[in-house]
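Enquirer:
Protein chains: 2
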Amino acid sequence: MAGTRQLDYAGLLAEHGLRPTRQRVSVLVALASRDDATAQQIHALLADDGVRVGLATVYRTLAWLAEHGIVDTLMHHRGEVCYRLCGEGHHHHLVCSGCHRVVELGDCELDPWLADLTAEHGFTLEAHTVEVTGLCSACQAVGTAA
Amino acid sequence: MAGTRQLDYAGLLAEHGLRPTRQRVSVLVALASRDDATAQQIHALLADDGVRVGLATVYRTLAWLAEHGIVDTLMHHRGEVCYRLCGEGHHHHLVCSGCHRVVELGDCELDPWLADLTAEHGFTLEAHTVEVTGLCSACQAVGTAA
DNA sequence: TTTAGTGCAAAAGTTTTGCATGGTC
DNA sequence: GACCATGCAAAACTTTTGCACTAAA
Numbered sequence: 005m006a007g008t009r010q011l012d013y014a015g016l017l018a019e020h021g022l023r024p025t026r027q028r029v030s031v032l033v034a035l036a037s038r039d040d041a042t043a044q045q046i047h048a049l050l051a052d053d054g055v056r057v058g059l060a061t062v063y064r065t066l067a068w069l070a071e072h073g074i075v076d077t078l079m080h081h082r083g084e085v086c087y088r089l090c091g092e093g094h095h096h097h098l099v100c101s102g103c104h105r106v107v108e109l110g111d112c113e114l115d116p117w118l119a120d121l122t123a124e125h126g127f128t129l130e131a132h133t134v135e136v137t138g139l140c141s142a143c144q145a146v147g148t149a150a
Numbered sequence: 005m006a007g008t009r010q011l012d013y014a015g016l017l018a019e020h021g022l023r024p025t026r027q028r029v030s031v032l033v034a035l036a037s038r039d040d041a042t043a044q045q046i047h048a049l050l051a052d053d054g055v056r057v058g059l060a061t062v063y064r065t066l067a068w069l070a071e072h073g074i075v076d077t078l079m080h081h082r083g084e085v086c087y088r089l090c091g092e093g094h095h096h097h098l099v100c101s102g103c104h105r106v107v108e109l110g111d112c113e114l115d116p117w118l119a120d121l122t123a124e125h126g127f128t129l130e131a132h133t134v135e136v137t138g139l140c141s142a143c144q145a146v147g148t149a150a
């Protein structure tokens, strides 16, 4: 299972003109094993698995991945950036505040509303970000039971 | 004008059980004079005006203000936090990418849409953030003229 | 062999904290 | 006078950068 994924990642990197090194594939594998993670967390995660990768390399790899649109960046906390492996296209996220599970929402249906809104104030629409947090069914059940 | 505002701010601080010191009022005045600013920018702004306030005090004051809901925090850039003086209640912002002017949008009309969306995935809605960027009419005119 | 990537360590940047001093109630 | 707040400096923290070394094309 891990083998096939690593091949995918190698191909993904090669497609973008990046050499599929052991370190870069490791970062992608680590990122895929979590909903999201900071550079520090990925570095620690790899170290725990006995994979030795320099912290600077993790940062450089994540910067590359973000630049190529392979990962999204989020800034929830102060002074640290969270990275998330994402699908293609414009979409938003629904995050569970209990278990931090992330649901990718399909198409963005906000454009008409946003177009009206911006036009009302004489603006032309450029971009928007939406983050929705809630409690998933599993976490609701736990909360009710407890 | 500045006098009346400072009185307002002093009252605002007192309401929340904070001593209305010169430094705290200065931070609020500086924040009000801009659409948004980082702690570093506020510190520099005050220094330029000859108001001597320690950087740590600016950070401490902004942390208090954020905790009491008097200012909103935004994290656009890496490693620095932006603070913005806001009105009451739940609302969103429309930011001009040209002049950084901020329009506060009134009521949030997203709740029905969000309720459907979260229910669809078995979530209960807790919170959401929306940031819209565009180009305001003035900046559109400049762009067209240039 | 030529180029790109890595690791290490130092640097840069923002933010936090400890403690003595000063201001406010 | 008691307590809160400030200022300064040092520390903590994440992230970036320089450079010699290693691995890949």
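Chains E and W, in that order, are what the protein sequence lines are. Under my numbering, the first residue of the first sequence carries the number 5, and numbering increases by one thereafter. Under my numbering, the first residue of the second sequence carries the number 5, and numbering increases by one thereafter. Every residue, glycine too, gets a C-beta built ideally from N, C-alpha and C. As the structure is a prediction and not an experimental result, all values here were calculated from the model.
1. Three-state secondary structure (DSSP) at W:T65?
2. Would you say E:C100 faces chain W, with C-beta separation under 8 Å as the test?
3. For the alpha helix (DSSP H) that contains W:D120, what are its first and last residues?
4. Should W:Q27 be flagged as near chain E, meaning a C-beta pair shorter than 8 Å?
5. How close, in whole Å, do the beta carbons of E:T128 and W:G138 come, if the pair is a contact with beta carbons under 8 Å?
6. Less than 8 Å between CB atoms is the rule here; does E:T128 satisfy it with respect to chain W?
7. Using a beta-carbon distance cut-off of less than 8 Å, what residues from the segment 129-141 of chain W approach chain E?
8. Can the beta-carbon of E:L66 be found closer than 8 Å to that of E:V75?
9. As a quick exercise: from W:A34, W:D53, W:L118 and W:A51, pick the residue whose alpha carbon is nearest that of W:Y87.
10. Count the other C-beta atoms from every protein chain shown that fall within 10 angstroms of the C-beta of W:G7, then say buried if there are 16 or more, exposed otherwise.
11. Does DSSP classify W:C140 as helix, strand or coil?
12. Residues of chain E with a CB under 9 Å from the CB of W:G83: which are they?
13. List the residues of chain W whose Cβ lies closer than 9 Å to the Cβ of E:T65, in chain order.
14. Taking E:R26 as part of the alpha helix (DSSP H), name the residues at either end of that continuous run.
15. Once you ignore the five residues that flank E:G73 on each side, which residues in its own chain have a CB closer than 6 Å to its CB?
16. Take every Cβ of the segment 95-109 of chain E, pair it with every Cβ of the segment 34-45 of chain E, and state whether three or more of those distances are shorter than 8 Å.
17. Can a CB atom of chain E be found closer than 8 Å to the CB of W:Q144?
18. Compute the Euclidean distance between the alpha carbons of E:H95 and E:L89, then round it to the nearest angstrom.
19. Please list the partners that E:L50 has in chain W, where partner means a Cβ-to-Cβ separation under 9 Å.
20. Once you ignore the five residues that flank E:H20 on each side, which residues in its own chain have a CB closer than 7 Å to its CB?
21. Could you compute how far the alpha carbon of W:L16 sits from the alpha carbon of E:T61?
22. Which residues does DSSP list as the beta-bridge partners of E:L78?
23. Looking at chain E, is there any beta carbon in it that lies within less than 8 Å of the beta carbon of W:H47?
Expert: With the given structure in hand:
1. Walking along the second sequence from the start, residue 65 of chain W turns up at place 61. If DSSP states are grouped into helix, strand and coil, W:T65 belongs with the helices.
2. On the first sequence, position 96 is the one that residue 100 of chain E refers to. For E:C100, the answer is yes, since a Cβ of chain W falls inside 8 Å of its Cβ.
3. Stepping through the second sequence from its first residue, residue 120 of chain W is reached at position 116. Run containing W:D120: D115 to E124, per the alpha helix (DSSP H) assignment.
4. The residue labelled residue 27 of chain W in the question sits at position 23 within the second sequence. Chain E, which has no Cβ nearer than 8 Å to the Cβ of W:Q27, makes this no.
5. Working through the first sequence from its first residue, we reach residue 128 of chain E at position 124. Working through the second sequence from its first residue, we reach residue 138 of chain W at position 134. Right, their Cβ atoms sit about 5 Å apart.
6. Against the first sequence, residue 128 of chain E aligns to sequence position 124. By this cut-off, E:T128 is an interface position.
7. L129, E130, A131, H132, T133, V134, E135, V136, T137, G138, L139, C140 and S141
8. Start at 1 with the first residue of the first sequence, and residue 66 of chain E comes out as number 62. Start at 1 with the first residue of the first sequence, and residue 75 of chain E comes out as number 71. Closer than 8 Å, so yes.
9. For the purposes of this step, residue 87 of chain W is identified with residue 83 of the second sequence, where counting begins at 1. The shortest Cα separation from W:Y87 among W:A34, W:D53, W:L118 and W:A51 belongs to W:A34.
10. Here residue 7 of chain W refers to the residue found at position 3 of the second sequence. With a pLDDT of only 46 at W:G7, under the threshold of 50, the placement of this residue in the model should not be trusted; the figure read from the coordinates follows. Result: exposed.
11. The sequence position of residue 140 of chain W within the second sequence is 136, counting from 1. If DSSP states are grouped into helix, strand and coil, W:C140 belongs with coil.
12. Counting from 1 along the second sequence, the entry for residue 83 of chain W is found at position 79. Neighbours of W:G83 on chain E, chain order: R82, G83, E84 and V85.
13. On the first sequence, residue 65 of chain E is found 61 positions in, with the first residue counted as 1. Result: empty, since nearest Cβ-Cβ is about 16 Å, beyond 9 Å.
14. Your numbering for residue 26 of chain E matches position 22 in the first sequence. Looking at the DSSP string, the run of the alpha helix (DSSP H) that includes E:R26 is R26 to A36.
15. What you label residue 73 of chain E is simply residue 69 of the first sequence in a count that begins at 1. Nothing meets the Cβ criterion.
16. yes
17. Position 140 of the second sequence holds residue 144 of chain W. Yes, its Cβ sits closer than 8 Å to a Cβ of chain E.
18. Position 91 of the first sequence, counted from the first residue, corresponds to residue 95 of chain E. Position 85 of the first sequence, counted from the first residue, corresponds to residue 89 of chain E. Distance between the alpha carbons of E:H95 and E:L89: 13 Å.
19. Locating residue 50 of chain E in the first sequence gives position 46, counting from the first residue. By Cβ distance, chain W contributes nothing, its closest Cβ being about 22 Å from E:L50, past 9 Å.
20. Within the first sequence, residue 20 of chain E is the residue found at index 16, counting from 1. Excluding residues within five positions, the ones whose Cβ falls inside 7 Å are H72.
21. Working through the second sequence from its first residue, we reach residue 16 of chain W at position 12. Working through the first sequence from its first residue, we reach residue 61 of chain E at position 57. For W:L16 and E:T61, the distance between alpha carbons rounds to 48 Å.
22. If you number the first sequence from 1, residue 78 of chain E lands on position 74. BP columns for E:L78 point to E:C86.
23. Here residue 47 of chain W refers to the residue found at position 43 when the second sequence is read from its first residue. So no, W:H47 is outside the interface.
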